[in-house]
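Position one of the sequence shown corresponds to residue 1025 (our numbering), numbered consecutively onward.
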Amino acid sequence: MERFFREPINGLTHLFGAFLSIIALILMVIKAIKLNGFGLASLSVCLFGLSLILLYSASATYHLVKAKDNAIAFLRRLDHSMIFILIGGSYMPYLLIGLEGKSRVFLTTLIIILTILGVLFKMIWFNCPRWLSTLLYIGMGWISIFAIPYFENIPAEAMLWLLIGGILYTLGGIIYATKPKFLNYSYFGFHEIFHIFILLGSLSHFISVFFFLLK
């Protein structure tokens, strides 16, 4: 497989993730429209689903394609930038469905600004220390704890799966940042395990939104 792809396992796992994300988007949009018509709910899950597709498509392309160094470098920037897009997109269902009034406007605007700044940061200073970029990813995800007092309308089950997803993403981020040697098994090392944790985190958030938040 390495004859055809640059990083087969990393690329194919996230290509699978992109395929699942397309299905997830369709399912979420259909359910949101069926329950609430065209509105904030359908918009929010559309943004969430698209962010999943963008992240996994960019990642799969970067890890699979064999190209010149300049092209690979650009794809890598795009891959890392899409992480901020996914984080921002993952917030949208909880902010647009679970919040109302000024808190919805303020927190949604804040997340959009942080997402844009995150993308610009990775595009401009891509070679920043690995620990710094990981800290920014995890930090942007966990600032949601400050919004918990406003999430009183969100079902407990949705919050539980949101938390599970956050923990899985965080564990994946820690593995990515620290590159533990004990997780290296021939062709399946820390990076491949990191990819699996990201997939599981996304699955948890899909469960949260589709089964419990959309009501």
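Ideal placement from N, C-alpha and C gives every residue a C-beta, glycine not left out. Just so it is clear, the structure is predicted and the values come from calculations on it, not from any experiment.
Using DSSP bridges, identify the partner residues of residue i.
i     : result
Y1200 : Bridge partners of Y1200: none, in fact.
F1212 : Y1209
For residue i and residue j, which I take to be in contact (beta-carbon distance under 8 Å), what is that distance rounded to the nearest angstrom?
i     : j     : result
I1077 : L1049 : 6 Å
A1084 : H1038 : 4 Å
S1232 : A1182 : 5 Å
T1158 : G1197 : 5 Å
A1201 : W1155 : 5 Å
L1131 : A1171 : 6 Å
M1106 : A1082 : 4 Å
F1236 : P1153 : With 8 Å as the limit, F1236 and P1153 do not qualify as a contact, their Cβ atoms being about 37 Å apart.
Confirm the yes/no value for this check: CB of residue i, any heavy atom of the ligand PLP, distance under 7 Å.
i     : result
Y1200 : Among the components of this structure there are no ligands whatsoever, and the ligand PLP is therefore not found.
Taking Cβ positions, are residue i and residue j nearer each other than 8 Å?
i     : j     : result
G1190 : G1165 : yes
I1217 : L1227 : no
F1072 : P1117 : yes
L1059 : L1187 : no
G1112 : S1168 : no
F1212 : I1033 : yes
Y1086 : L1102 : yes
F1175 : K1146 : no
L1120 : L1064 : yes
F1247 : M1052 : Beyond the ends of the chain as shown, which are 1025 and 1239, falls residue 1247; an answer cannot be given.
T1194 : I1162 : yes
Enumerate in chain order the residues of its own chain whose CB-to-CB distance from residue i is below 6 Å, with the five nearest sequence positions on each side excluded.
i     : result
M1067 : Met is not the amino acid found at residue 1067; the sequence shown has Leu there. Contacts found: none.
Y1080 : H1038, G1041, A1042, S1045
F1029 : G1035, L1088
N1151 : none
W1185 : S1228, I1231, S1232
L1024 : Residue 1024 lies beyond the residue range present for the chain, which begins at 1025 and ends at 1239; the question has no answer from this structure.
I1137 : none
Can you list, in chain order, the residues of its chain with a C-beta nearer than 7 Å to that of residue i? Leave out the 5 residues immediately preceding and following it.
i     : result
L1192 : F1221, L1224, G1225, S1228
N1177 : G1122
H1219 : N1034, T1037, H1038
P1204 : F1214
A1056 : A1065, S1066, V1069, L1238
So, is the C-beta of residue i closer than 8 Å to a C-beta in chain C?
i     : result
D1103 : No chain C appears in this structure, which consists of one protein chain only.
Once the 5 residues before and after residue i are set aside, which same chain residues still bring their CB inside 8 Å of it?
i     : result
H1104 : K1146, F1150, S1157
I1199 : L1207, F1214, I1217, F1218, F1221
*Which ranges would you report for the alpha helix (DSSP H) in the segment 1103-1155 if only whole runs of at least 4 residues count?*
Listed in chain order, they are 1125-1148.
_Ranges of the alpha helix (DSSP H) found wholly within the segment 1060-1086, counting only runs of at least 4_ = For the segment 1060-1086, not one full-length alpha helix (DSSP H) segment reaches 4 residues or more.
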